[in-house]
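> In my numbering, the protein residues as written are 379 to 752.
Just so you know, even glycine gets a beta-carbon here, dropped at the ideal spot from N, CA and C.
The structure is reproduced here in structure tokens:
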């Protein structure tokens with residue numbers, strides 16, 4: 379082989395190596411995920427959130443999942459994909475999904491007053507409660523407060539006339555839970571296990587504490603990052619008691635996107651605007667293009683229709699947002715009181731867009747950073 383041939387072969391080999399290296403370095407997916415990991419780690423550090431678990435959906439299927447930090451601030455146990463977090467109010471959409479199954483089966487009517495299924499002694503002195511329906515509960519128009527003043531009391535006062543306006547209420551979900559138990563003849567925990575968790579293969583989830591959770595669960599932390607006592611529910615509550623993982627909750631979101639367990643026509647009802655939201659959680663002026671459906675928040679933007687919900691159990695915070703048109707979404711769970719502070723930034727880094735949901739919740743990460751910098 380002459381020298382010229384050797385030179386050409388070496389040049390060809392170098393060119394081939396350069397092409398392979400360039401492809402690896404310019405792989406947008408891997409580069410994007412690496413950048414996202416760096417951003418999330420920084421957000422957690424700034425917000426003093428010890429642990430977080432994330433799942434991304436693209437094209438109505440799993441795309442990426444990652445866990446960050448530790449389960450407990452004074453521990454070396456890393457958060458992994460099986461670490462169980464409190465889902466807090468992300469329990470509510472899951473319950474709505476089960477209720478809509480009962481609607482499909484003709485076992486409950488969305489517009490039939492709930493007292494006709496089960497009278498509610500806690501509020502029986504106010505006859506306005508007899509107007510409450512499953513639709514009004516799922517769209518937060520029951521007229522109940524979020525929670526009664528004395529959680530141990532058997533007395534519940536109405537806050538407004540049912541159907542009059544949006545008023546976020548865990549109490550409404552508790553009443554509907556009792557109705558579902560009456561209709562089915564089963565405990566709500568059994569109903570949810572059989573209708574949701576088992577069919578969707580959410581094997582690391584439960585509405586009451588399971589022995590299997592003891593191996594790998596996240597501890598709660600206050601705003602300074604100090605460890606708090608862990609709540610381990612012995613009774614299911616459809617407003618907040620779900621314990622789950624980001625991947626398990628993504629399975630639920632995929633069921634919504636792929637019409638698994640519910641007919642597409644029923645899901646269309648779930649994703650339809652039932653009431654317009656105020657621009658702020660406690661505000662009175664209405665936000666354009668911002669609504670509540672049946673068990674979940676809705677945004678109707680030029681870029682598409684988005685589903686969203688947040689969870690707040692004090693020292694556990696979580697968030698989900700889904701772009702219906704693009705069939706993509708982000709789900710994350712955190713074990714710190716400040717874990718919702720950066721929800722807007724995390725959504726911007728994943729599915730993008732400007733969202734009225736964060737105005738409603740009073741979340742503006744950049745604004746908060748600017749305050750701290752002054």
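#1: Could you spell out where the alpha helix (DSSP H) holding residue 644 opens and where it closes?
#2: Just mark residue 470 as buried or exposed, buried being the case when its beta carbon has 16 or more other beta carbons within 10 Å.
#3: What number of angstroms, rounded off, separates the C-alpha of residue 707 from the C-alpha of residue 486?
#4: Spatial neighbours of residue 656 within its chain, please: C-beta separation below 8 Å, excluding the five flanking residues on both sides.
#5: Taking the beta carbon of residue 531 as the centre, do at least 16 other beta carbons fall within 10 Å, making it buried, or is it exposed?
#6: By the DSSP assignment, the beta strand (DSSP E) with residue 753 in it spans what residues?
#7: CB-CB under 7 Å to residue 741, same chain, minus the five flanking residues each way: which ones, in chain order?
#8: Closer than 7 Å by C-beta to residue 491: which residues in its own chain qualify, once you throw out the five before and the five after it? Chain order, please.
#9: Tell whether a beta-carbon distance below 9 Å holds between residue 622 and residue 468.
#10: Answer with buried or exposed for residue 447, where buried requires no fewer than 16 other C-beta atoms within 10 angstroms of its C-beta.
#11: By the 10 Å Cβ neighbour count, where 16 or more other Cβ atoms means buried, how is residue 713 classified, buried or exposed?
#12: Is the separation between the beta-carbon of residue 763 and that of residue 578 shorter than 9 Å?
#13: So, is residue 484 buried or exposed, given that buried needs 16 or more other C-beta atoms within 10 angstroms?
#14: Residue ranges of each beta strand (DSSP E) run of no fewer than 3 residues wholly in the region 429 to 500, ordered along the chain?
#15: Using a 10 Å radius around the Cβ and a threshold of 16 neighbouring Cβ atoms, would you call residue 450 buried or exposed?
#16: Note the first and the last residue of the continuous alpha helix (DSSP H) segment covering residue 761.
#17: Do you know how far the Cα of residue 506 is from the Cα of residue 535?
#18: Apply the 10 Å Cβ neighbour rule to residue 533 and answer buried if 16 or more other Cβ atoms are within range, or exposed otherwise.
So, from the listed chains and residues:
#1: For this step, residue 644 is matched to residue 266 along the chain shown. Element bounds for residue 644: 642 to 648.
#2: Reading the chain shown from its first residue, position 92 is the one you call residue 470. By the neighbour-count rule (16 or more Cβ atoms within 10 Å), residue 470 is buried.
#3: Reading the chain shown from its first residue, position 329 is the one you call residue 707. Reading the chain shown from its first residue, position 108 is the one you call residue 486. Whole-angstrom Cα-Cα distance: 30 Å.
#4: Within the chain shown, the letter at position 278 stands for residue 656. The residues are 544, 662, 663, 664, 665 and 738.
#5: Within the chain shown, the letter at position 153 stands for residue 531. Result: exposed.
#6: As shown, the chain starts at 379 and ends at 752. That puts residue 753 outside it, with no answer to give.
#7: The residue labelled residue 741 in the question sits at position 363 within the chain shown. Here the set comprises 718, 719, 721 and 722.
#8: To locate residue 491, count along the chain shown from 1; it is residue 113. Taken in chain order, the residues that qualify are 508, 509, 510 and 511.
#9: As a first step, residue 622 must be located in the chain shown, where it is residue number 244. As a first step, residue 468 must be located in the chain shown, where it is residue number 90. Cβ atoms of residue 622 and residue 468: closer than 9 Å.
#10: Locating residue 447 in the chain shown gives position 69, where the first residue counts as 1. The residue in question, residue 447, is buried, as its Cβ has 16 or more Cβ neighbours within 10 Å.
#11: The count along the chain shown starts at 1 and reaches residue 713 at position 335. The residue in question, residue 713, is buried, as its Cβ has 16 or more Cβ neighbours within 10 Å.
#12: What is shown of the chain runs 379 to 752, which leaves residue 763 out entirely.
#13: Reading the chain shown from its first residue, position 106 is the one you call residue 484. Under this definition residue 484 is an exposed residue.
#14: 429 to 436 and 439 to 447
#15: Working through the chain shown from its first residue, we reach residue 450 at position 72. It counts as buried.
#16: Lying before the first or after the last residue shown, residue 761 is absent from the chain, which here runs from 379 to 752.
#17: By 1-based counting over the chain shown, the position of residue 535 is 157. By 1-based counting over the chain shown, the position of residue 506 is 128. Those two C-alpha atoms are separated by around 11 Å.
#18: Walking along the chain shown from the start, residue 533 turns up at place 155. Per the 10 Å Cβ criterion, exposed.
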